[in-house]
Amino acid sequence: MQEPTAPFEEDRQGLFRPGPARRFAPRDGRDTVDVVEPSHPVDPLAARAPAIPQARRYPTPDEDSPLEFGVATPAAADSPPADDLVAEPTEPTEPEEPAEPAVGTADRPQPQPKDSKAELPKVWHARSVLLIVLAACMMLGAVGIGTFYVLQEQADSRDPKTVVRFYVEAALNNRDSEAAGRYVCRSPELEEIESMMSWLTSWEQERNIRFQFVVSEFSETIRGDESVVDAKIQRRTSISESTPERWRFSLVNESGWRVCGAHKIE
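Just so you know, we're using the numbering used here here: the sequence shown kicks off at 58 and counts up by one.
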């Protein structure tokens with residue numbers, strides 16, 4: 058490979074003219090090539106322009122020469138042998154200190170986890186209060202119903218005619234012996250009316266009918282704690298009705314009027 062040529066050469070008058078090329082040694086281990094333009098002669102005393110570093114290119118296995126187009130390859134001796142590469146000992150590292158809390162948070166109390174066992178008594182206390190309130194409401198309701206029943210019964214038992222009407226409605230129409238017993242005295246004599254009801258019940262079952270009893274035309278006589286009430290009772294069905302029958306009811310005052318006897322007079 059031929060050496061590159063420079064276009065100028067210094068003559069005796071201090072001018073430059075074309076001549077043989079000058080090659081400069083590499084600076085700082087870099088390959089440089091100085092090129093002077095023929096049309097721009099420069100003063101030899103002027104400072105040289107800085108050399109332009111050229112990029113390195115490593116040869117491929119197909120290339121014959123390690124240097125091509127003015128680019129040099131690094132020498133193999135530049136890298137130290139693998140045996141000389143010894144790992145440098147590392148200095149022991151100091152343990153890291155825990156991070157300090159942020160300013161203003163050191164004195165702040167940290168939230169504690171909730172204890173489910175501590176909340177259990179509160180829940181049971183609330184349930185106990187609720188149960189007590191419900192029990193009190195039920196007790197007051199029962200007392201109110203009982204009071205209303207007693208007052209209603211006393212109001213109904215103040216009038217002998219009203220007591221007879223309620224007794225006939227409970228015993229003959231509703232066939233409720235418990236309700237009828239509220240209007241009966243302690244020693245009643247009601248065999249006649251009870252036998253009549255027994256016969257009518259069997260007769261209803263045979264003919265598949267139902268009687269309704271209507272009480273009307275009351276008349277009463279009160280003598281102290283005793284009273285006599287006369288009334289007409291008529292049997293009715295959905296298709297017919299009977300002739301009214303007159304009945305006499307005997308009542309006594311036992312903290313209110315009560316029926317003690319009943320018999321038919323007509």
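Backbone N, C-alpha and C define an ideal beta-carbon position, used for all residues, glycine too.
(message) According to DSSP, simplified to helix, strand and coil, what is Gly318?
(response) Residue mapping note: residue 318 aligns to position 261 of the sequence shown, counting from 1. Note: Gly318 maps to strand in three-state DSSP.
(message) I'd like to know whether the C-beta atoms of Ser284 and Pro217 end up nearer to each other than 8 Å.
(response) The residue you call residue 284 lines up with position 227 of the sequence shown. The residue you call residue 217 lines up with position 160 of the sequence shown. In this structure, Pro217 lies closer than 8 Å to Ser284 by Cβ.
(request) Go to Arg10, then tell me how far its beta strand (DSSP E) extends in each direction, as first and last residue. (result) Given that the chain is displayed from residue 58 to residue 323, the structure contains no residue 10 and the question cannot be resolved.
(request) Classify Val190 as buried or exposed, calling it buried when 16 or more other Cβ atoms lie within 10 Å of its own Cβ. (result) Here the question's residue 190 lines up with position 133 in the sequence shown. Val190 is exposed by the Cβ-count criterion.
(request) Give the straight-line distance between the Cα atoms of Val241 and Phe268, rounded to the nearest whole angstrom. (result) Numbered from its first residue, the sequence shown carries residue 241 at position 184. Numbered from its first residue, the sequence shown carries residue 268 at position 211. About 23 Å.
(message) So, for Gly318: in the same chain, excluding its five sequence neighbours on each side, which residues have a beta-carbon less than 6 Å away from its beta-carbon?
(response) Taking the sequence shown and counting its residues from 1, one reaches residue 318 at position 261. The residues are Glu246, Ser307.
(message) Rounded to the nearest angstrom, what separates Ser255 and Ser273 at their Cα positions?
(response) Taking the sequence shown and counting its residues from 1, the one referred to as residue 255 is at position 198. Taking the sequence shown and counting its residues from 1, the one referred to as residue 273 is at position 216. Answer to the nearest angstrom: the Cα atoms are 23 Å apart.
(message) Buried or exposed, going by whether 16 or more other CB atoms sit within 10 Å of the CB of Leu197?
(response) Translated into the one-based positions of the sequence shown, residue 197 becomes position 140. Classification of Leu197: exposed, given that the 10 Å Cβ count is below 16.
(request) Look at the alpha carbon of Pro301 and the alpha carbon of Glu261, and state the distance between them as a whole number of angstroms. (result) The count along the sequence shown starts at 1 and reaches residue 301 at position 244. The count along the sequence shown starts at 1 and reaches residue 261 at position 204. Distance between the alpha carbons of Pro301 and Glu261: 19 Å.
(request) Let me know the secondary structure DSSP gives Arg267 once reduced to three states. (result) Locating residue 267 in the sequence shown gives position 210, counting from the first residue. In this structure, Arg267 counts as coil in the three-state DSSP scheme.
(request) Closer than 6 Å by C-beta to Leu102: which residues in its own chain qualify, once you throw out the five before and the five after it? Chain order, please. (result) By one-based count along the sequence shown, residue 102 stands at place 45. Its pLDDT being 47, under 50, Leu102 is placed unreliably by the model, and nothing is read from it.
(message) I'd like to know whether the C-beta atoms of Glu249 and Lys321 end up nearer to each other than 8 Å.
(response) Here the question's residue 249 lines up with position 192 in the sequence shown. Here the question's residue 321 lines up with position 264 in the sequence shown. Yes, these two residues count as a Cβ contact at 8 Å.
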